[in-house]
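Right, one structure below, let's go through it.
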Amino acid sequence: MNHESRLASLDVTLPDAPKPAGNYVPWVKSGNLLYLAGTICMVDGNMLYQGKVGEAQDLEGGYAAARVCAMNSAAIIREAVGSLDYVRRIVLVQGFVNAVPGFTKSPQVINGASDFFAEVFGDAGKHARTAVAVSGLPLDSTVEIQVIVEVDA
Amino acid sequence: MNHESRLASLDVTLPDAPKPAGNYVPWVKSGNLLYLAGTICMVDGNMLYQGKVGEAQDLEGGYAAARVCAMNSAAIIREAVGSLDYVRRIVLVQGFVNAVPGFTKSPQVINGASDFFAEVFGDAGKHARTAVAVSGLPLDSTVEIQVIVEVDA
Amino acid sequence: MNHESRLASLDVTLPDAPKPAGNYVPWVKSGNLLYLAGTICMVDGNMLYQGKVGEAQDLEGGYAAARVCAMNSAAIIREAVGSLDYVRRIVLVQGFVNAVPGFTKSPQVINGASDFFAEVFGDAGKHARTAVAVSGLPLDSTVEIQVIVEVDA
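Chains as they are written, first to last, in the working numbering: chain A, 30 to 182; chain B, 30 to 182; chain C, 30 to 182.
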């Protein structure tokens, strides 16, 4: 797997892996599945995308917010197993969009995460997914995603 | 396993497996677990149940909407592994109901999916489950479910 | 593992495992993963914490509600495998908070569940987690959590 070199060729630098916002850990490995904690739009202590899509954020802001979540998730993967090259498959992405009531475009927002995983992991980045709009997220983050990853033992 | 014949005896024809609504895939198999993408109430390009329970939909509409989601999920299972007969167990169903604020009857809605799995898969259809009300779903679908299935390798 | 004795030393008595509120089962075991059904704040037929955080409940009520959910989840684990001592790891906790729109403090609420798992299971209780605010939960429960657990085969 050459995920690290693909990431480098994209000229993307991952942020530091986010610190948990409560009494939990960033990841748990069970068998060869890595369960990541939900990631939000916080990078280096700054919340990059805050507020609801349809209010403080438009679709483009939501998409960009989801991409930040995916970068945070990738940072946790690297911290957990040492290198993105050990990723066999992004298995499942659960996407939660902080949005105005009746919001119908969660898929377009969560594509910001999915596109990032596709760019970095190629075929191994093709994942199953949910996308729902919720009424609130931690620290008013615009997006939260939760990811399950299959890694080399 | 005789799930296909049980389905036939119910006189139910599954729809075509739904196409992804974003940059993801309908299923990922890891070990003998099949992770399905979230399914909504879209069949053959038509959204069968749209709008919130408690507004555009009543409980019966919500129940029927959840049944459609389950049929879509079953269609993905068949596409993924070739036959419903390879299903060992429906493991987990996460049910999201597009509902008015304060909606308390998500379990009755998601029973529409659970009852379908019980009818088709018998004991293998008995699953763990969550049911929550959310403020919005893709394309204003009334229900979305996400399913994890154990299949024969 | 000495989780049962740790629980006893905390002077905590688990409630009876909750009965399903619909056509599902409290748990499914696949390999050595136990998938629990979502648990709410119902104990012995009484809903202990009802209504939204930010309205009927304050943060302390939400935290206490999440603790009740965790106790219900632990009761299911014991019912499923016979003893908490078979828990190798609490893998993932998905926390849903019934909250007013725009609620940003789901992590503080779901800590009520996480702290309980940490107290009872020690290092084995350290889990990955999500925490989101939703617009409604079954029977107006203040919190619902869904838990995946790794157990000794």
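Beta carbons: idealized from backbone N, C-alpha and C, even for Gly.
Bear in mind that the values here come from a model prediction, so they are computed numbers and not experimental data.
For residue i: DSSP bridge partner residues
i     : result
C/K58 : C/L63
B/V82 : B/Q86 and B/A128
Delimiting residues of the beta strand (DSSP E) encompassing residue i
i      : result
B/I119 : V116 to N127
C/I69  : That residue, C/I69, is in no beta strand (DSSP E); it is neither H nor E in DSSP.
A/Q137 : Element bounds for A/Q137: not the beta strand (DSSP E) but the alpha helix (DSSP H), S135 to F150.
B/V180 : V172 to V180
B/A162 : A157 to V163
Under the three-state DSSP convention, the category residue i falls into
i      : result
A/G90  : helix
B/G74  : coil
B/A37  : helix
B/S102 : helix
B/G6   : Here chain B comprises residues numbered 30 to 182, so residue 6 of chain B is not present and cannot be evaluated.
A/D45  : coil
A/L166 : coil
A/A153 : helix
B/A50  : coil
Quiz item: When Cβ atoms are compared, which residues of the stretch 154-178 of chain C fall closer than 7 Å to chain B?
Solution: Going along the stretch 154-178 of chain C in chain order, one finds V163, S164, G165, L166, P167, L168, D169, E173 and Q175 with a Cβ nearer than 7 Å to chain B.
Quiz prompt | Chain-ordered residues of the stretch 90-121 of chain C with a beta carbon less than 7 Å from chain A | solution = From the stretch 90-121 of chain C, only R118, V120 and L121 have a Cβ closer than 7 Å to chain A.
Quiz prompt | Contact set between the stretch 132-155 of chain B and chain C, restricted to residues whose Cβ is under 8 Å from the partner | solution = So the list reads F132, T133, K134, S135, P136, Q137, I139, N140, S143, D144, A147 and K155, given in the order they occur along the chain.
Exercise. Could you please tell me which residues of the stretch 57-71 of chain A, in chain order, have their CB closer than 9 Å to any CB of chain B?
Key: Cβ contacts with chain B: G60, N61 and L62.
Quiz prompt | Residues within the stretch 35-54 of chain B neighbouring chain A, beta-carbon criterion of under 7 Å | solution = When C-beta distances to chain A are compared with 7 Å, the residues of the stretch 35-54 of chain B below that value are A50, G51, N52, Y53 and V54, in chain order.
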